[in-house]
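Residue numbers (our numbering): 0 to 236.
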């Protein structure tokens, strides 16, 4: 009996570890003004160590025409974009489009609202992210407030940031999670967008100081796991 019981436990353990395969995240970085590379080079190792995910990265810059190391995106569960006005060739854009067209999750930060050239950005910003980028108000303290309850906001407290983006009317499918207020202006800052089976998350937060904020990092972790439809595992802060 003992040996049979031990065998059952071993089989259950094997099943658990197969089902608990780590999430694969591919990052596209390329926003010089907001120092995306410096922020992500601190965030990614912390994310891997704390939550057991596997990350690959394409490091780029504004206006880049060809990203390095983009092929791992084919196997990625989640695409994480923090880039600005890239001018990628059709072969690479086709690969990026294939991710969201397959219904795979997307997480966008800050300049992701205008990450690619105009034609692709109209689709990425308005249809995938559910947004409507209209520029920004300049450098001014922004008080960010949570709106309602959502798994992405779990244990996320108040955040103060440095710049408010102008958000035009969002897609009907978008659900606002955070708003930002400055004197005489209030706009959506963070939202999620579910279209068919695809989940997307976007926040206009993401200046370097935001990545030092525990609440901001926690929200990004929540967003990654929520969009991937995976129960979060790992070391909580």
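Backbone N, C-alpha and C define an ideal beta-carbon position, used for all residues, glycine too.
Predicted model, so just to flag it, every value in this text is computed and none were measured.
According to DSSP, what are the bridge partners of residue i?
i           : result
residue 160 : 141
residue 24  : 54 and 77
residue 197 : 194
residue 230 : Answer is none; residue 230 lacks a bridge partner.
residue 175 : 190
residue 135 : 164
residue 181 : 184
residue 29  : 82
Whose C-alpha, out of the options, is nearest the C-alpha of residue i?
i           : options               : result
residue 31  : 108, 101 and 82       : 82
residue 64  : 116, 131, 180 and 129 : 116
residue 187 : 163, 41 and 205       : 163
residue 144 : 85, 53, 215 and 91    : 215
residue 98  : 85, 84, 80 and 59     : 80
residue 28  : 78, 177 and 52        : 78
residue 106 : 129, 171, 212 and 179 : 129
residue 197 : 92, 58, 127 and 179   : 127
residue 179 : 46, 190, 90 and 54    : 190
residue 39  : 158, 222 and 211      : 211
residue 181 : 57, 152, 141 and 170  : 141
Residue i to residue j, Cα distance in whole Å?
i           : j           : result
residue 193 : residue 137 : 30 Å
residue 175 : residue 48  : 30 Å
residue 218 : residue 229 : 15 Å
residue 202 : residue 71  : 24 Å
residue 139 : residue 208 : 14 Å
residue 168 : residue 88  : 30 Å
residue 96  : residue 122 : 10 Å
residue 34  : residue 23  : 23 Å
residue 68  : residue 200 : 23 Å
residue 147 : residue 74  : 34 Å
residue 1   : residue 20  : With a pLDDT of 43 at residue 1, under the threshold of 50, the modelled position of this residue cannot be trusted; read the value that follows with caution. If I take the Cα positions, the gap works out to 29 Å.
residue 118 : residue 125 : 11 Å
residue 226 : residue 150 : 10 Å
residue 185 : residue 60  : 30 Å
residue 223 : residue 183 : 33 Å
residue 101 : residue 91  : 16 Å
residue 177 : residue 154 : 14 Å
residue 62  : residue 170 : 27 Å
residue 120 : residue 131 : 10 Å
residue 205 : residue 37  : 12 Å
residue 166 : residue 195 : 23 Å
Would you mind reading off the limits of the beta strand (DSSP E) that contains residue i?
i           : result
residue 185 : 184 to 194
residue 118 : It is not in any beta strand (DSSP E) - residue 118 instead sits in the alpha helix (DSSP H) that spans 117 to 120.
residue 107 : 105 to 108
Give the range of the alpha helix (DSSP H) segment to which residue i is assigned.
i           : result
residue 91  : 89 to 100
residue 50  : 35 to 50
residue 214 : 213 to 226
Of all the CB atoms in chain B, is at least one closer than 8 Å to the CB of residue i?
i           : result
residue 224 : As a matter of chain content, chain B is missing from the structure shown, which is built from one protein chain.
For the ligand MG, I want to know if residue i counts as a neighbour, meaning its beta carbon is within less than 7 Å of at least one of the ligand's heavy atoms.
i          : result
residue 88 : With respect to the ligand MG, the structure offers nothing, as it holds no ligand at all.
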